[in-house]
Structures are given as structure tokens and as C-alpha cells.
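Participant: Encoded as C-alpha cells, here's the structure I'll be asking about.
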Amino acid sequence: MFEFKFSDEQNMLRETVRDFTNNEIKPIASKIDQEGMIPKELIRKMAELGFLGISFPEEYGGGGFGEVGYCIMQEEIARGCMSTATFIGAHQSIGTNALFIGGTEEQKKKFIPPLAAGEKIAAFGLTEAQAGSDSFHLKTHAEVDGDEWVINGEKLWITNGGIADIISLFARTEKGITLFAVETDRPGFKAGPPEKKMGIRGSVTNALSFENVRVPKENLIGQEGRGFIYAMKTLDAGRLGLGAACLGVSKELLELSTKYAKERIQFDHPIAQFQAIQFMLAEMAVMIYNMESIVYRTAVDYDLHKDISRQSAMVKYYCSESLDKIVDYAVQIHGGMGYSQELPIERIYRDSRINRIFEGTNEIQKGIIARDIIKKSGRL
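Counted from 1, the sequence shown has number 378 at position 378 by the UniProt record's numbering; the numbering is strictly sequential.
Spelled out as C-alpha cells, the structure:
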């Protein structure tokens, strides 16, 4: 694999998260999937290690590792459990990050520290029944009433929605789409039952309703009417983190598949000696090499405050498509054992499919990429 110039501190972070994943997450990953929830004790342990705010500056209670550090962490967490990586992504990369991107200095100092410390959990409230890929046309609305905003509407498919303490909520006001910080203990807020999903079952997903939910005027984040811009910038980071998670679990699949191929005997030989198996492993390795390259190249640019909208769309598109191919190869190499719940391959196969849908469908990503290419007359 291509060797990135990670710092000693970043390499130590990787080792710390890898050890935690091996010791704390992998042993219970199947249970998380079966029971449809991440244990509170596991969330507490991750919070104590600083995992839930790893990317944010230390002045706001974060770990100060930036996007590169966040991607390192998500890569290692995903090797153990995609549900747990999804929980962290929804909390940190989009739920909390929306407040960080849009908020004033005063708002950042108020909202970010308890979220970065894991004392509170965040969710990202954008999607609605008629506003998925077409997120600009959301219907949830907010109106001023004295010193408060009154919010009415519904959200759908909100990761962490049922366990969040704060929702980064997008609603329409007179000036356009606007971002609000909504505490979930306010009267009128209600989370529906957890959705029953094919994969990432341990990640809680809920419909949310807001009926005359009142929030203080100061809970309007940033500038009124600029919420859509904040949402798109937040999703740039979210898509990048998703790519890192896809990279991590892909590496895990390659290791598992290679080990199995060397141990599995057929026709008196390990199947690793068969060209058909070798070609699958080679295809997996090539995709992983490309995934790693674009994830960290883009993460470095993000930390340099460059515009990465097209690059993050490429990362999300390529890494999610590649993971689906890699896990399919892994099932094929493992044969019947890959289809059995005895090994994690079956669970990863189910977990993989959502990555081509959430954080903006892959069709949307191709549209983002194409528009930018046309705008720049084909220059990369």
C-alpha cells in the first residue's frame, strides 16, 4: 500500500483506535447487529478516549486531529463495526460539524464542547419524506414568535435521531433554509420507533416530528437563509468520512479473505494457489490502493481549507462502489462460510449497501462531479 506521511502522533492515534476496536468493538459487533443498538457503555468508553470529538480544535474541547485524524479513526472503527462508525459519523462529522461550520464563535463555544466530549449526542436533521436527494425543497418551517422560533415539520431517516440530545435541524424561514440547534428535551419534539433496516442495524435511525417546538432566537446557527450552504459544506466532510469507513472495512475484508484463502484446502491445495482466487484478491487490493489515496489526499486538502466538494463526491462514490465489489469478492472467496452468520462477512455484506444511498446517493455524486468538470471545462 502507498505509505502516507503520517506523523508520529497520527500513527499513535491509529494504534490506539485499532487496539480499542480489537478489544472492545469486534467482540460485540455481532451482538450490536442482532440487538439493534450500540451499548451505552461502549459509547462512554469512546467518549472518554476523545473519539467523539477527535477532529475539532482543542479550544472547543476536541482532539485537534483535524479531518486526517478523523479519517484514521473511522477507518479503524469500521474494521470492527460499521454501525459504530455510522453512529460516530452522524454525531461528529455531520451532526456536530454543521454547528461548527455554521456557528458564530459564541455558538461554537456553547454547543461544541459537550458534544466533542460525548456528554451529549448530535444528529443531522435534513432529510424529509419529499426532500431526500432533492433536499433544497424541504417543508419543515420555522417562524419567529417574540424571542423564540417555533418549528413545525417532520424529518425522516435521521441517524441517531432517537438518542440525540441536539439536532442540527434545517428548516425553512422567510429568508430561506436556515440551520437551528434544537435540544430534544423541548416540548413538541418526538422521535418515532427505530427503523428496521437490512444493515447497520446497530445504528439507530428514526423519523422525527416537531410540533410547535420552541427554541431561543440564539439557537439560529450562523445567518438566516444560509442553511443550505452549511448543509452542503457539512456533507462534504460527511462523504469523506464515509469513504474512510469504507476503506477500513475493505482492508479488513482483504485480510480476512487472504487468510482464509491460504487456509482453505480444495483439490489438495490452498485455494490461494488458484488463479481465480488470486485475481479476486488482486482486484480488491487495487481498489483499496485507490481508496486510500483519494481519502487522505482529500482529507489533507480539507484541513488546508480548500474547496473539496468535487473530491469528496468522488471519494464517496468510488469508495462505496468499491466496497460493494470487495465484500462481494470476500463472500465468493469464503464460499458457504461467507454466507453464514458465523463469520462477519455476511454482516459486512448487509452493512455495505447503504453507503451508495446515504450522504447523497451515488447518482447525486456523479451529478456533482460532472457539473464541476463542465464548469471548469474538463480541468481537474
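Don't be surprised by glycine CBs; every beta carbon is placed ideally from N, CA and C.
1) Val213 bridges to which residues according to DSSP?
2) Quick check on this structure: which residue in Asp351, Lys108, Asn160 and Tyr329 has the alpha carbon closest to the alpha carbon of Gln278?
3) Between Val17, Asn97, Leu49 and Phe6, which has its C-alpha nearest Arg79's C-alpha?
4) Just reading off the beta strand (DSSP E) that Thr361 is part of, what are its end residues?
5) Quick one: what does DSSP say Pro270 is sitting in, helix, strand or coil?
6) How would you write the range of the alpha helix (DSSP H) that Arg350 sits in, first residue to last?
7) Expressed to the nearest angstrom, what Euclidean distance is found between the alpha-carbon atoms of Arg310 and Ile294?
8) Beta strand (DSSP E) containing Gly176: first to last residue?
9) What runs of the alpha helix (DSSP H), each 4 residues or longer, lie entirely inside the stretch 119-174?
10) The beta strand (DSSP E) with Ala191 in it runs from where to where?
11) Using the three-state DSSP reduction, which class does Leu254 fall into: helix, strand or coil?
12) Alpha carbon to alpha carbon, how far is Gly89 from Lys375?
13) For a quick check, are the C-beta atoms of Gly132 and Ser352 less than 8 Å apart?
14) Should the stretch 333-346 be regarded as contacting the stretch 307-324, the criterion being three or more beta carbon pairs within less than 8 Å?
15) Below 8 Å CB to CB, which residues in the same chain sit around Gly69 once its five sequence neighbours on both sides are set aside?
16) Note down, in chain order, each residue of its chain lying with its Cβ closer than 8 Å to the Cβ of Pro39, except the 5 sequence neighbours on either side.
17) Leu138: which of Glu218, Ile112, Gly153 and Tyr60 sits nearest, CA to CA?
18) Phe87 lies in the alpha helix (DSSP H); which residues open and close that run?
19) Spell out whether any CB of chain D is found under 8 Å from the CB atom of Ser30.
20) Taking the straight line between their C-alpha atoms, what separation do you get for Asn212 and Val150?
21) Can you have a look at Asp134 and say buried or exposed, based on whether 16 or more other CB atoms are within 10 angstroms of its CB?
22) How long is the line joining the alpha carbons of Arg214 and Ala129, rounded to whole angstroms?
23) Within 10 angstroms of the Cβ of Arg201, are there 16 or more other Cβ atoms? Answer buried if so, exposed if not.
24) Just to confirm, is the Cβ distance from Ala299 to Ala85 under 8 Å?
25) Hey, residue 398 and Ala191: beta-carbon distance below 8 Å or not?
26) Reducing DSSP to helix, strand and coil, say where Ala207 ends up.
27) Does the separation of the CB atoms of Val238 and Ile94 fall below 8 Å?
28) Is Leu253 close to the ligand SAM? I mean its beta-carbon at under 7 Å from any heavy atom of the ligand.
29) Does the separation of the CB atoms of Gln365 and Tyr317 fall below 8 Å?
30) Cutting at 6 Å between CB atoms, please list the residues of its own chain near Ile158, excluding the five before and the five after it.
31) For the alpha helix (DSSP H) containing Gly338, list its first residue and its last residue.
32) From Ser340 to Val331, what does the alpha carbon distance come to, in whole angstroms?
33) In its own chain, which residues sit with a C-beta less than 8 Å from the C-beta of Lys108, not counting the 5 before and 5 after it?
34) Leaving aside the five residues before and after Lys251 along the sequence, list all residues of the same chain whose C-beta is less than 7 Å from its C-beta, in chain order.
35) In the DSSP assignment, find the alpha helix (DSSP H) that holds Ile32 and state where it starts and stops.
36) Buried or exposed: which applies to Ala116, given that a residue is buried once 16 or more other Cβ atoms fall within 10 Å of its Cβ?
Facilitator: The structure says:
1) In the DSSP secondary-structure assignment, Val213 is bridged to Ile151.
2) The shortest C-alpha separation from Gln278 is found at Tyr329.
3) Ranking Val17, Asn97, Leu49 and Phe6 by Cα distance to Arg79 puts Val17 first.
4) Where Thr361 is concerned, there is no enclosing beta strand (DSSP E), given that its DSSP letter is neither H nor E.
5) Note: Pro270 maps to strand in three-state DSSP.
6) Its alpha helix (DSSP H) spans residues Ile345 to Ser352.
7) Arg310 and Ile294 have their C-alpha atoms some 12 Å from each other.
8) Here the beta strand (DSSP E) through Gly176 covers Gly176 to Glu183.
9) Fully enclosed alpha helix (DSSP H) runs of 4 or longer: not present.
10) That run of the beta strand (DSSP E) goes Phe189 to Ala191.
11) Leu254 sits in a helix when the DSSP states are folded into three classes.
12) Spanning the two alpha carbons is a distance of roughly 31 Å.
13) Going by C-beta atoms, Gly132 is not nearer than 8 Å to Ser352.
14) Segments in contact, no.
15) The residues are Gln10, Leu13, Ile54, Ser55 and Gly63.
16) So the qualifying residues of the chain are Ile28 and Ile32.
17) A check of alpha carbon separations from Leu138 across Glu218, Ile112, Gly153 and Tyr60 identifies Gly153 as the nearest.
18) Looking at the DSSP string, the run of the alpha helix (DSSP H) that includes Phe87 is Met82 to Ile88.
19) Included in the structure is just one protein chain, with no chain D present.
20) Those two C-alpha atoms are separated by around 5 Å.
21) Exposed: under 16 other Cβ atoms inside 10 Å.
22) Taking the straight line from one Cα to the other gives about 23 Å.
23) Flag for Arg201 reads buried.
24) No, Cβ-Cβ distance for Ala299 and Ala85 is not below 8 Å.
25) With the chain covering 1 to 380 only, the question about residue 398 has no answer from this structure.
26) Here Ala207 sits in strand by DSSP.
27) Per the sequence shown, the amino acid found at residue 238 is Gly instead of Val. Remark: C-beta atoms of Gly238 and Ile94 approach each other more closely than 8 Å.
28) You won't find the ligand SAM in this model; it holds no ligand whatsoever.
29) Contact: yes.
30) Annotation for Ile158: Ala123, Gly125, Asn206 and Leu208 place their beta carbon closer than 6 Å to its own, counting only its chain and skipping 5 residues before and after.
31) Segment Gly336 to Tyr339, the alpha helix (DSSP H) holding Gly338.
32) Ser340 and Val331: Cα-Cα distance of roughly 9 Å.
33) Contacts found: Tyr60, Leu99 and Phe100.
34) Only Arg79 and Ile288 meet the Cβ criterion.
35) Note, Ile32: alpha helix (DSSP H), Ala29 to Glu35.
36) Buried, by the Cβ-count rule.
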